[in-house]
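A short worksheet on the structure shown next.
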Amino acid sequence: MQDLAPLEELDRLRAEFLGMVSHELRTPLAAIKGSTATVLGASPALDPVELYHFFRVVDEQADRMRGLIGDLLDAGRIEAGTLSVSPVPTDVRELVEQARVAFLNGGATHAVLVDLPQDLPLVLADGPRIVQVLNNLLANAARHSPGSSPVRVATVRDGPHVAISVSDQGRGVPADQLPRLFQKYSGPGGDEAPVSSGGTGHWLAISARQVEDHSGGL
0 MQDLAPLEEL DRLRAEFLGM VSHELRTPLA AIKGSTATVL GASPALDPVE LYHFFRVVDE
60 QADRMRGLIG DLLDAGRIEA GTLSVSPVPT DVRELVEQAR VAFLNGGATH AVLVDLPQDL
120 PLVLADGPRI VQVLNNLLAN AARHSPGSSP VRVATVRDGP HVAISVSDQG RGVPADQLPR
180 LFQKYSGPGG DEAPVSSGGT GHWLAISARQ VEDHSGGL
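Position 115 of the sequence shown, counting from 1, maps to 114 under the working numbering, and the rest follow consecutively.
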């Protein structure tokens, strides 16, 4: 007889992940619906500046949804062993700025302080995937930051590589729990956390694998 416990656990994790994705998609969808409803309900009275604002909200939130769906698709590719990246020469400053803008446009209440040296070389990266990784890390840092304290992004040259750090002013992770940090659904203390408690391990696990496919590491 076959032990079905591992399969049942996999099904449970998959169901929780889908539930978390559904929850995360509601925020940008609500912003898109609100903006389009305003434009459709008052379009004759809106001037071009107001219209531009609402269309920009729709565009930014659509990008946010695309990123979430991209993570969902990558999760499936990781399980199937088919995840691949298409790296091209890329400006690190551009990646960080795209992630910063996407994070702030997603309704973030934390400022992002950026420290980028001027002599950063181009790196081989799949731009959209690295931007989504950085956005996930920014969101995770903000989630564990007290009040409205800022999140910091810094980069340094590390031999032939470029290291990007995302830091917050939260309580941090105990050293003995660091190995579990990128496991699916690990909470801020390293324990399994239900969707409602804000566990983000699956997002970090996906991000870690995306970086590994760039010959890097988190």
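Idealized CB from N, CA, C, for every residue including glycine.
Distance between residue j and residue i (C-alpha atoms, nearest Å)
| i | j | result |
| --- | --- | --- |
| residue 155 | residue 211 | 19 Å |
| residue 112 | residue 134 | 14 Å |
| residue 125 | residue 87 | 6 Å |
| residue 170 | residue 45 | 46 Å |
| residue 138 | residue 81 | 26 Å |
| residue 35 | residue 214 | 42 Å |
| residue 78 | residue 136 | 21 Å |
| residue 29 | residue 159 | 43 Å |
| residue 101 | residue 157 | 26 Å |
| residue 123 | residue 142 | 30 Å |
| residue 189 | residue 175 | Because residue 189 carries a pLDDT of 41, less than 50, the predicted location of this residue cannot be relied on, and no value is offered for it. |
| residue 209 | residue 73 | 8 Å |
| residue 67 | residue 216 | 21 Å |
| residue 140 | residue 172 | 12 Å |
| residue 152 | residue 163 | 7 Å |
| residue 38 | residue 31 | 11 Å |
| residue 89 | residue 117 | 15 Å |
| residue 97 | residue 128 | 11 Å |
| residue 64 | residue 58 | 10 Å |
| residue 41 | residue 168 | 43 Å |
| residue 121 | residue 95 | 13 Å |
| residue 18 | residue 75 | 15 Å |
| residue 56 | residue 43 | 19 Å |
| residue 62 | residue 99 | 13 Å |
| residue 93 | residue 60 | 20 Å |
For residue i, the three-state DSSP class (helix, strand or coil)
| i | result |
| --- | --- |
| residue 156 | strand |
| residue 81 | coil |
| residue 89 | strand |
| residue 204 | helix |
| residue 43 | helix |
| residue 161 | strand |
| residue 124 | strand |
| residue 142 | helix |
| residue 286 | Here the chain covers residues 0 to 217 and nothing more, so residue 286 does not appear. |
| residue 223 | Because the chain spans 0 through 217 in this model, residue 223 falls outside it and cannot be assessed. |
| residue 34 | helix |
| residue 63 | helix |
| residue 151 | strand |
| residue 217 | coil |
Nearest-angstrom beta carbon gap, residue j and residue i [assumed within contact, 8 Å]
| i | j | result |
| --- | --- | --- |
| residue 165 | residue 91 | 13 Å between Cβ atoms; not a contact. |
| residue 114 | residue 205 | Actually they do not touch by this definition, with Cβ atoms about 26 Å apart. |
Item to check | Sufficient close CB pairs (3 or more, under 8 Å) joining the stretch 104 to 121 to the stretch 134 to 154 | outcome: A contact exists between the stretch 104 to 121 and the stretch 134 to 154.
Next on the checklist: With three or more beta-carbon pairs closer than 8 Å as the criterion, would you say the stretch 43 to 51 touches the stretch 16 to 31?
Outcome noted: Output reads no: the stretch 16 to 31 does not touch the stretch 43 to 51.
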